[in-house]
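Enquirer: Can you read through this structure? Questions will come right after.
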Amino acid sequence: MKHVTKVDGRRQPFDPGRVQRTLRNMGVGAEDAERIAHEIEESVPDGVKTGTVLRMIRSRARAVRPAVAHRTNLRRALGLLRSKPDFEEFVRVLLREHGYRVETGCILAGLCGEHEVDAIAEKDGATIFVEVKHHASHHRVTGLDEGRIARAIIEDLQEGFRSGRCTVSIDGA
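Under the numbering used here, the very last position in the sequence shown is 266; numbers go up by exactly one each time.
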């Protein structure tokens, strides 16, 4: 059994099904996707890097469907945005497109302190505060600390609302 090496160094079994799904998502037909996945599996050495496999997928996909060359990796493209204001505005636009009413430039008073948030979004009677996290590298993950901080802010804002300090009732983040 062949393995691939992920960016973080982990190894996992080579999965031709993932190669086929990637090809199908690129618009390659089912028969070509199956054939190309088999060719790639046969030609790569054990431990090949996933980036190498992806380059092989793109190269072979372009051969059968030239329009693939003009597609872009969304995660990589988002990494090219500036955190402020571009990525924050991108997130606000997404929220609006999904039916949220979005307010920006917000400072909310909690019981313990004031919190500057990237936006407040409201839909179907629920109000959330938005704190956007952007990473230039699409391999970097947002850690648990950000989630814990968001939870603490929610609790502080809810207590601030109950005490009358905050004029907005926050339901989540």
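Backbone N, C-alpha and C fix where the C-beta goes; we use that ideal spot for every residue, glycine too. Values in this document were obtained by computation on a predicted structure and should not be read as measured data.
What separation, rounded to the nearest whole angstrom, lies between the Cα atoms of residue 220 and residue 264?
Expert: Taking the sequence shown and counting its residues from 1, the one referred to as residue 220 is at position 127. Taking the sequence shown and counting its residues from 1, the one referred to as residue 264 is at position 171. C-alpha separation (whole angstroms): 5 Å.
Enquirer: Run through the segment 198-232 for me and flag every whole beta strand (DSSP E) of 3 or more residues, listed as ranges in chain order.
Expert: 199-202, 207-210, 212-216, 219-223
Enquirer: According to DSSP, is residue 161 part of a helix, a strand, or is it coil?
Expert: On the sequence shown, position 68 is the one that residue 161 refers to. Of the three classes helix, strand and coil, the one that applies to residue 161 here is helix, per DSSP.
Enquirer: Let me check understanding here. Comparing Cα to Cα, which of 260, 102, 243, 189 lies closest to residue 225?
Expert: Translated into positions along the sequence shown, residue 225 becomes position 132. Closest option to residue 225, Cα to Cα, is 243.
Enquirer: Tell me the DSSP secondary structure of residue 112 in three-state form.
Expert: Locating residue 112 in the sequence shown gives position 19, where the first residue counts as 1. Here residue 112 sits in helix by DSSP.
Enquirer: Could you tell me if residue 168 is buried or exposed, where buried requires 16 or more neighbouring beta carbons within 10 angstroms of its beta carbon?
Expert: Numbered from its first residue, the sequence shown carries residue 168 at position 75. With fewer than 16 Cβ atoms within 10 Å of its Cβ, residue 168 is classed as exposed.
Enquirer: Specify whether the segment 145-157 and the segment 125-136 touch according to this definition: at least 3 beta carbon pairs, one from each stretch, less than 8 Å apart.
Expert: yes
Enquirer: When the Cα atoms are used, what is the spatial distance from residue 164 to residue 170?
Expert: The count along the sequence shown starts at 1 and reaches residue 164 at position 71. The count along the sequence shown starts at 1 and reaches residue 170 at position 77. In this structure, the alpha-carbon of residue 164 lies about 11 Å from that of residue 170.
Enquirer: Counting only the same chain and skipping the five closest in sequence on each side, list residues whose C-beta sits under 7 Å from that of residue 139.
Expert: For this step, residue 139 is matched to residue 46 along the sequence shown. Beyond the five residues adjoining it in sequence on each side, residue 139 comes within less than 7 Å, by CB distance, of 95, 96 in the same chain, given in chain order.
Enquirer: Assuming the contact rule is C-beta atoms closer than 8 Å, residue 241 and residue 204 should be a hit. Round their C-beta distance to whole Å, please.
Expert: Locating residue 241 in the sequence shown gives position 148, counting from the first residue. Locating residue 204 in the sequence shown gives position 111, counting from the first residue. Actually they are not in contact, since the Cβ atoms of residue 241 and residue 204 sit about 18 Å apart, beyond 8 Å.
Enquirer: Helix, strand or coil, according to DSSP, for residue 192 in the structure here?
Expert: The residue given as residue 192 occupies position 99 in the sequence shown. Residue 192 falls in the coil class under three-state DSSP.
Enquirer: Three or more C-beta pairs under 8 Å: does that hold for the segment 181-189 against the segment 223-238?
Expert: yes
Enquirer: Span of the beta strand (DSSP E) holding residue 104?
Expert: As a first step, residue 104 is located in the sequence shown; it is residue number 11 there, counting from the start. 104-106 is the extent of the beta strand (DSSP E) around residue 104.
Enquirer: Evaluate residue 208 with the Cβ neighbour count: other Cβ atoms within 10 Å of its Cβ, from every protein chain shown; 16 or more gives buried, anything less gives exposed.
Expert: Reading the sequence shown from its first residue, position 115 is the one you call residue 208. Buried, since its Cβ has 16 or more Cβ neighbours within 10 Å.
Enquirer: Taking the DSSP output, what are the residues bridged to residue 97?
Expert: Residue numbering aside, residue 97 sits at position 4 when the sequence shown is read from its first letter. According to DSSP, which records beta bridges pairwise, residue 97 is partnered with 105, 141.
Enquirer: Could you tell me which residues DSSP puts in a beta bridge with residue 265?
Expert: Translated into the one-based positions of the sequence shown, residue 265 becomes position 172. DSSP output for residue 265 lists 221 as bridge partner(s).
Enquirer: What are the start and end residues of the alpha helix (DSSP H) that includes residue 168?
Expert: Position 75 of the sequence shown, counted from the first residue, corresponds to residue 168. Looking at the DSSP string, the run of the alpha helix (DSSP H) that includes residue 168 is 167-172.
Enquirer: Tell me whether residue 119 sits in a helix, a strand or coil according to DSSP, three-state version.
Expert: Within the sequence shown, residue 119 is the residue found at index 26, counting from 1. For residue 119, the three-state secondary structure derived from DSSP is coil.
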